[in-house]
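Novice:
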Amino acid sequence: MKKIAIIPNHTKDIGLNCTKKLIEALQNQAELYMNRIYQGSGLPVNYAGDELYDFVDAVVILGGDGTILEAAEPCAERGIPIMGINLGTVGFMTEIETEQIPVAAQRLLDGDYQIEERMMLGVRVLRDNNVSEYIALNDVVISKPDAEMVSLEMYCNEEQLNAYTADGVIIATPTGSTAYSLSAGGPVADPTMELFIATPICAHSLSSRPALVSAKKTIQLRLTEAGNTEAVVTIDGKIRERISCGEKVEVTKAKQRVKLIKMGNQSFYHILTSKLS
């Protein structure tokens, strides 16, 4: 019997109505788990803390792409596939619509789906005697916490590629190309590709443009002296670090990959043209 974790977004699934519909479609055919914060809901599932990722075979997300981002790291670390049910506005990664829940649940139980793997970023924050490491599915952003401009130098395999004075710089994956990078003027990339997209945010220059870099290379971003005292490092929408002048952020292709369960209901290009055009 499959062991499935259900991760709802309670702000989008008001009253957990879609979650209850999913549980009804899966119960008696799978062992179901939810975070223990929902223990008072009375739902017929098992409850656990963060350890629930350690013993499940699949994770079902009910929310938007942001909800998938929150589960991406623990799932990628363990090789657990994710199925997304779209309760958001666009849903590039959450393929299943709410009316498709019963059919999608049965296909999940039957193994009637494909796995699409997505590249992730390996992010290292380098200080004199300290290295902090993270992984990201969408992007890493270096910016000022107070919305002031930041001055950065970008290197590719230790060769300087560009220097920016801007509100910040985004290094995105192809999956993240339709998120913050797109809003900042970056290109859209097929999410199955493997490359980095470097996009300046509101650059104070007529010549600063987004750049595409092979995922086989290493990108380094260094905060320079031009009035900078501190910048923040935001990874998949969450501030994780603060860096000072001379400190570096290194970006490589991570060894971990996110596995998305796809059932062919909507292609990336269909979503792109129908929801963003």
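First residue of the sequence shown: 901, per my numbering; consecutive thereafter. All C-beta atoms in this analysis are idealised placements derived from N, C-alpha and C, irrespective of residue type, glycine included.
1. In or out: Leu1106 buried (at least 16 other Cβ within 10 Å) or exposed?
2. Just how far apart, CA to CA, sit Tyr1064 and Leu943?
3. Quick check on Gln1014: does DSSP put it in helix, strand or coil?
4. Just the C-alpha distance for Ala1111 and Ala1084, rounded to the nearest angstrom, thanks.
5. Closer than 8 Å is the cut-off here; do at least three beta carbon pairs connect the segment 1047-1066 with the segment 1026-1038?
6. Counting only the same chain and skipping the five closest in sequence on each side, list residues whose C-beta sits under 6 Å from that of Asp957.
7. Can at least three beta-carbon pairs, one atom from the segment 918-931 and one from the segment 963-975, be found at a separation below 8 Å?
8. How should Gly991 be labelled, buried or exposed, when 16 other C-beta atoms within 10 angstroms of its C-beta is the threshold for buried?
9. Could you tell me which of Met1093, Gly1086, Glu973 sits nearest to Arg1109, measuring between CA atoms?
10. Hey, Cys918 and Thr989: beta-carbon distance below 8 Å or not?
11. Return the residue from the list Gly1137, Val1133, Ala1154 that minimises the CA-CA distance to Ser1144.
12. The beta strand (DSSP E) spanning Tyr1034 covers which residue range?
13. Can you tell me which of Met983, Met1020, Cys1056, Ile906 puts its alpha carbon nearest to the alpha carbon of Asp1012?
14. Per the DSSP calculation, Ile906 is bridged to which residue(s)?
15. On the CB-based measure, 16 or more other CB atoms within 10 Å of its CB, does Ile1015 come out buried or exposed?
16. If you run the structure through DSSP and keep just helix, strand and coil, what is Ser1107?
17. Near Glu1147, which residues of its chain fall below 8 Å by C-beta distance, leaving aside the five closest residues on each side in sequence?
18. Given this structure, state the Cα-to-Cα distance separating Glu1053 from Glu977, to the nearest angstrom.
19. Please report the distance separating the alpha-carbon of Ile914 from that of Ile961.
20. Could you have a look at Cys1145 and say whether DSSP puts it in helix, strand or coil?
21. In whole angstroms, give me the CA-to-CA distance for Glu924 and Asn935.
22. Give the single residue among Gly1068, Ala1115, Ile937, Tyr953 whose Cα lies nearest to the Cα of His1104.
23. Determine the direct distance from the alpha carbon of Val1041 to that of Asn1062, and round the result to whole angstroms.
24. Quick check: does the Cβ of Thr911 come within less than 7 Å of any heavy atom belonging to the ligand HEM?
25. Buried or exposed, going by whether 16 or more other CB atoms sit within 10 Å of the CB of Ser1114?
26. Closest to Ile1101 by C-alpha separation, out of Phe955, Leu987, Ala1066, Val1151, would be which residue?
27. Put Ser1051 into one of helix, strand or coil per three-state DSSP.
Specialist: In terms of the structure at hand:
1. For the purposes of this step, residue 1106 is identified with residue 206 of the sequence shown, where counting begins at 1. Exposed, since its Cβ has fewer than 16 Cβ neighbours within 10 Å.
2. The sequence position of residue 1064 within the sequence shown is 164, counting from 1. The sequence position of residue 943 within the sequence shown is 43, counting from 1. Cα-Cα distance, rounded: 52 Å.
3. Working through the sequence shown from its first residue, we reach residue 1014 at position 114. Strand, per DSSP.
4. As a position in the sequence shown, residue 1111 is number 211, starting the count at 1. As a position in the sequence shown, residue 1084 is number 184, starting the count at 1. So the alpha carbons of these two residues sit roughly 13 Å apart.
5. no
6. As a working mapping, residue 957 is identified with position 57 in the sequence shown. Around Asp957: Lys902, Lys903.
7. no
8. Indexing the sequence shown from 1 puts residue 991 at position 91. By the 10 Å Cβ count, Gly991 comes out buried.
9. As a first step, residue 1109 is located in the sequence shown; it is residue number 209 there, counting from the start. The option with the nearest alpha carbon to Arg1109 is Gly1086.
10. Residue 918 sits at position 18 when you count from the first residue of the sequence shown. Residue 989 sits at position 89 when you count from the first residue of the sequence shown. Cβ atoms of Cys918 and Thr989: not closer than 8 Å.
11. Numbered from its first residue, the sequence shown carries residue 1144 at position 244. Measuring from the Cα of Ser1144, the nearest candidate turns out to be Val1133.
12. Here residue 1034 refers to the residue found at position 134 when the sequence shown is read from its first residue. Taken as a continuous stretch (DSSP letters only), the beta strand (DSSP E) holding Tyr1034 covers 1031-1036.
13. One-based indexing of the sequence shown puts residue 1012 at position 112. Nearest C-alpha to Asp1012: Met983.
14. As a first step, residue 906 must be located in the sequence shown, where it is residue number 6. Per DSSP, the beta-bridge partners of Ile906 are Val960.
15. Stepping through the sequence shown from its first residue, residue 1015 is reached at position 115. Burial check for Ile1015: the Cβ neighbour count within 10 Å stays below 16, so the residue is exposed.
16. One-based indexing of the sequence shown puts residue 1107 at position 207. Shown here, Ser1107 sits in coil according to DSSP, grouped into three states, outside any helix or strand.
17. The residue you call residue 1147 lines up with position 247 of the sequence shown. The answer, listed in chain order, is Val1025, Leu1026, Arg1027, Arg1122, Leu1123.
18. The count along the sequence shown starts at 1 and reaches residue 1053 at position 153. The count along the sequence shown starts at 1 and reaches residue 977 at position 77. About 31 Å.
19. Here residue 914 refers to the residue found at position 14 of the sequence shown. Here residue 961 refers to the residue found at position 61 of the sequence shown. Approximately 15 Å between the Cα atoms of the pair.
20. Here the question's residue 1145 lines up with position 245 in the sequence shown. Three-state result, Cys1145: coil.
21. Translated into the one-based positions of the sequence shown, residue 924 becomes position 24. Translated into the one-based positions of the sequence shown, residue 935 becomes position 35. Straight-line Cα distance between these residues: approximately 18 Å.
22. Locating residue 1104 in the sequence shown gives position 204, where the first residue counts as 1. Considering only alpha carbons, the answer is Gly1068.
23. To locate residue 1062, count along the sequence shown from 1; it is residue 162. To locate residue 1041, count along the sequence shown from 1; it is residue 141. Taking the straight line joining both Cα atoms gives about 16 Å.
24. The model depicted lacks the ligand HEM and carries no ligand whatsoever.
25. The count along the sequence shown starts at 1 and reaches residue 1114 at position 214. When all chains shown are included, Ser1114 counts as exposed.
26. The residue labelled residue 1101 in the question sits at position 201 within the sequence shown. The shortest Cα separation from Ile1101 among Phe955, Leu987, Ala1066, Val1151 belongs to Ala1066.
27. Indexing the sequence shown from 1 puts residue 1051 at position 151. Three-state result, Ser1051: strand.
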